[in-house]
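Position in the sequence shown (first residue = 1) + 4 = the working numbering.
The beta carbon of each residue, even a glycine, is placed where N, CA and C say it ideally should be.
Since the structure is predicted, the reported quantities are computational estimates derived from the model, not experimental observations.
Working notes, beginning with the structure itself.
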Amino acid sequence: RVQSARSTEVQALMANAALKALSQYMWVLSPSMIVFITFITHVLVLGHRLDASTAFTVVALFGLMRTPLTAAPQALTAFAEARTSLKRVQDFLLTSEMDHRSVTKVSPSPHEPSAILINKGTFTWGQKQQQQQQQQQQQQQQPQSSSSSSASASSSSSTSQSPQPSSTHATIDIT
């Protein structure tokens with residue numbers, strides 16, 4: 005069953021890649037085709053004479069439009085992919101927190117009064133704030149030490165201490 009789903013997905017990806025390649029080819033080729041069709045229409049359909057000034061003007065104008073015309077499919081593809089990604093993120097964020105069917109509720113037994121018991125747990129917090137405070141203190145000390153001799157500045161920088169995490173040990177009994 006999984007192999008069948010994978011095979012179907014690979015076929016869809018191959019078709020998508022082929023359509024994307026054809027689309028890119030057509031968009032890259034289309035500016036030149038538009039110029040050619042414009043000249044054919046100007047001469048054969050409308051019956052006007054094509055002189056050099058008209059031809060060069062048309063080629064220059066279509067040359068200016070070439071970059072936006074070639075960037076259009078890439079922008080549309082990026083927009084479609086971004087929209088799909090945003091929809092997936094939105095669906096994920098709007099899902100309920102927990103599937104209540106996957107949780108088994110057990111009433112506490114008299115032999116085990118706690119549903120959760122943590123013995124000798126180690127909890128750490130505040131590391132990031134301590135590191136930021138120490139960096140700020142070091143930055144404040146650097147302008148003051150720049151007026152002193154370079155030897156004292158190098159010795160003070162080598163004696164800086166690494167931040168120690170603040171931690172606590174606790175026994176928590178949650179019923």
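Spatial distance of residue i from residue j (CA atoms)
i, j, result
"Q139", "Q145", "10 Å"
"R5", "E13", "12 Å"
"D55", "P72", "27 Å"
"L90", "L98", "12 Å"
"P35", "L68", "10 Å"
"R10", "A19", "14 Å"
"I122", "F96", "32 Å"
"T58", "L48", "15 Å"
"K24", "A16", "12 Å"
"S27", "S100", "40 Å"
"F60", "R87", "41 Å"
"A51", "A79", "The amino acid at residue 51 is misidentified as Ala; the sequence shows Gly. So the alpha carbons of these two residues sit roughly 38 Å apart."
"R70", "A22", "23 Å"
"T74", "Y29", "10 Å"
"R53", "F40", "15 Å"
"Q94", "H46", "51 Å"
"Q143", "Q7", "59 Å"
"Q134", "Q141", "11 Å"
"R105", "R92", "24 Å"
"F127", "H115", "28 Å"
"Q136", "L33", "56 Å"
Inter-residue CB distance, residue i and residue j (contact presumed, cutoff 8 Å)
i, j, result
"A84", "W31", "That pair is no contact at about 15 Å."
"T42", "V62", "6 Å"
"F66", "I44", "Not confirmed; about 14 Å, so no contact."
Burial state of residue i, where buried means 16 or more other Cβ atoms lie within 10 Å
i, result
"S152", "Bear in mind that the predicted position of S152 carries a pLDDT of just 48, short of 50, making it unreliable; the figure below should be weighed with that in mind. Exposed, since its Cβ has fewer than 16 Cβ neighbours within 10 Å."
"S156", "Low local confidence applies: a pLDDT of 41 at S156 is under 50, so the model's placement there is unreliable, and no value is given."
Residue ranges of each alpha helix (DSSP H) within the region 54-105, 4 or longer:
56-97
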